[in-house]
Structures are given as C-alpha cells and as structure tokens.
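Undergrad: One structure, as structure tokens, below. Some questions next.
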Amino acid sequence: MSLATPEKDKLLVIVGDAAFAEIAYEYFTYDSPYQVVGFAVERAYLKRDSLLGLPVIAMEDMEQHFPPATHQAFVALTYAKLNRVRARLCEVARAKGYMLANYVSSRAFVWRNVTLGDNVFIFEDNTVQPFVKLGSNVILWSGNHIGHHSIIADHCFISSHVVVSGFCNVGEYTFIGVNAAIANNINIGSDNFIGFGVRVAKDTADDAVFLPEPEEPRKASAKRFCKVE
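In this note's numbering, the protein residues as written are 62 to 290.
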C-alpha cells in the first residue's frame, strides 16, 4: 500500500548529498508536509550542481538561495566521527538562523507524550514507548524498540533492530549497531560505540567501545547438508 502524499506547506533544504540525503529526500517528499527544494554541502565538498533534479549549493551560501525566514533545514549525515560532523553542521545551520526539521515516519509508533529535540529522524517500524525523551540530532534507523522512560541524549545514532529497554539513559554522541540490546535501567556513557549484536547488561563509562565476539570462519560444504551420490 502506497503512502498518501500530504499537502506541502513547508520548504526544506537538506544538508548533505550522499546516500542519507537521498533517503531523506524520499521520506520528506512522500511522507511529510515538507517540500524539498535543494541540497547544501560545505564548499570544500561541493562536487556537483544537482541531485534528484534539485540544486546542490555551497552551505556557505545557503541564506542567499534559501532564506531561513521561509525555509527549514535538515542535516542528513550518518555517524562519521561519532556523530560529530552531523552535530557541527547542525550548529552551522542554526547559526545561520535555520529551524531544523524533524521527520517521523507515518509507519512508526511514537507515543503521544514522547518528546523530541530538533533534527530528529525516525524511520519506519520504530516503537517509541511512553515517556521517552529523544534529544536533538538523533537518528533512529528502521525497526528499533525504545522502551518507556528512556532518554536518548543529543547526537546519537541508533541503527536497526536495536532494543533499548525501559528506564535507560543513552549518553550523547553514542552509536548503537544493528541488533544490539540494552537491558533495563542501564546508563550508557557518552561517546560509546556499541557494535552490532552486542548485549549490554551493566552501566558503561564514557568513551567506551564494545565489539561483538569474533567469529572464526567455518568451512561450508554441501555434503554436510544433503546426500551426494
């Protein structure tokens, strides 16, 4: 079933021109009241003048092309340098006078008393339970569970199929990888990198890295799974 395109009454500039920027364009265009009118990147990284039929301009010149009085911005970068590049560009956009837009998928479950900062992007199939607080510049990729009364601080990136249980606090600038699980009542420090499939059952310190257990490669053979004549 296709999404019904809502009425467009807000103009939006997407900061970035890589894969996430293209994805953000799709979601904002077909599942939000925003009309995307262009893309912006820092001049040092300006390699093309158009994307998806829209102009790509230097971020340094955004105000001349897309005045902040009539346009909002969304910074569509992933978790480079533990989210610091995205955080820095959010501050640049704010300093230029832009309000930073949020996107919440119409196919996400976000309870009525969840609070959001700005530059938040919530993909489809997320469940965000009552009394959750999401800070600014938080990305929830597809299919996560954020349990009741939990707090996700500013500048975090939660990938896909992550479980954050109830009464958890996730510190700022943290990355949580695919299929990771955080038990109830856990405090995750700031600047944590939690790898895919990692299970966290006790509080973590700041600047911590948790990687999955290494798996030794095993030789596969069809003879193990079927009778070969």
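For each residue, glycine too, the CB sits at the ideal point set by N, CA and C.
Using beta-carbon positions only, say whether S197 and S221 come within less than 8 Å of one another.
TA: Position 136 of the sequence shown holds residue 197. Position 160 of the sequence shown holds residue 221. Going by C-beta atoms, S197 is not nearer than 8 Å to S221.
Undergrad: When DSSP builds the beta bridges, which residues end up paired with Q96?
TA: Counted from its first residue, the sequence shown places residue 96 at position 35. For Q96, which the question treats as bridged, DSSP gives the partners L72.
Undergrad: Could you tell me the boundaries of the alpha helix (DSSP H) in which A154 lies?
TA: As a working note, residue 154 is residue 93 in the sequence shown. That run of the alpha helix (DSSP H) goes A141 to A156.
Undergrad: Between the Cα of Y140 and those of D122, V74, F254 and Q96, spot the shortest distance and give me the residue it belongs to.
TA: One-based indexing of the sequence shown puts residue 140 at position 79. With distances taken between Cα atoms, Y140 lies closest to F254.
Undergrad: Contact between the stretch 117-128 and the stretch 95-104 is defined here as three or more beta-carbon pairs at a separation below 8 Å; is this criterion met?
TA: At 8 Å Cβ cutoff, the stretches touch.
Undergrad: For V97 and G114, what's the separation of their Cα atoms in angstroms?
TA: Numbered from its first residue, the sequence shown carries residue 97 at position 36. Numbered from its first residue, the sequence shown carries residue 114 at position 53. The straight-line gap from Cα to Cα measures roughly 11 Å.
Undergrad: Using alpha carbons as the reference points, say which of I75, S111 and S226 lies closest to L150.
TA: As a first step, residue 150 must be located in the sequence shown, where it is residue number 89. Per the Cα distances, I75.
Undergrad: What's the C-alpha gap between F271 and A242?
TA: Within the sequence shown, the letter at position 210 stands for residue 271. Within the sequence shown, the letter at position 181 stands for residue 242. About 12 Å.
Undergrad: Would you kindly check if the distance between the Cβ of I213 and the Cβ of V231 is under 8 Å?
TA: Here residue 231 is taken as the residue at index 170 of the sequence shown, counted from 1. Here residue 213 is taken as the residue at index 152 of the sequence shown, counted from 1. Cβ atoms of V231 and I213: closer than 8 Å.
Undergrad: Roughly how many angstroms separate the alpha carbons of P94 and D264, rounded to a whole number?
TA: Position 33 of the sequence shown holds residue 94. Position 203 of the sequence shown holds residue 264. Taking the straight line from one Cα to the other gives about 40 Å.
Undergrad: Could you give the DSSP three-state label for F89: helix, strand or coil?
TA: Your numbering for residue 89 matches position 28 in the sequence shown. Note: F89 maps to helix in three-state DSSP.
Undergrad: Among the residues of its own chain, which have a CB less than 7 Å from the CB of S226, if the five just before and after it don't count?
TA: For the purposes of this step, residue 226 is taken as the residue at position 165 of the sequence shown. So the qualifying residues of the chain are G208, I243, A244 and N245.
Undergrad: One question on the structure: do L195 and L177 come within less than 8 Å of each other, judged by their Cβ atoms?
TA: Residue numbering aside, residue 195 sits at position 134 when the sequence shown is read from its first letter. Residue numbering aside, residue 177 sits at position 116 when the sequence shown is read from its first letter. Contact flag set, yes.
Undergrad: Taking the alpha-carbon of Y91 as reference, which of F236, R168 and R109 has the nearest alpha-carbon?
TA: Taking the sequence shown and counting its residues from 1, the one referred to as residue 91 is at position 30. Among F236, R168 and R109, the Cα nearest to that of Y91 is on R168.
Undergrad: Look up F184 in the DSSP assignment and say whether it is helix, strand or coil.
TA: Residue 184 sits at position 123 when you count from the first residue of the sequence shown. Note: F184 maps to coil in three-state DSSP.
Undergrad: Measure the C-alpha to C-alpha separation of A262 and P128 and round it to an integer number of angstroms.
TA: Against the sequence shown, residue 262 aligns to sequence position 201. Against the sequence shown, residue 128 aligns to sequence position 67. Distance between the alpha carbons of A262 and P128 is about 48 Å.
Undergrad: Label S166 either buried or exposed according to how many other C-beta atoms from any shown protein chain fall within 10 Å of its C-beta, with 16 as the threshold for buried.
TA: Within the sequence shown, numbered from 1, the residue matching residue 166 stands at position 105. The residue in question, S166, is buried, as its Cβ has 16 or more Cβ neighbours within 10 Å.
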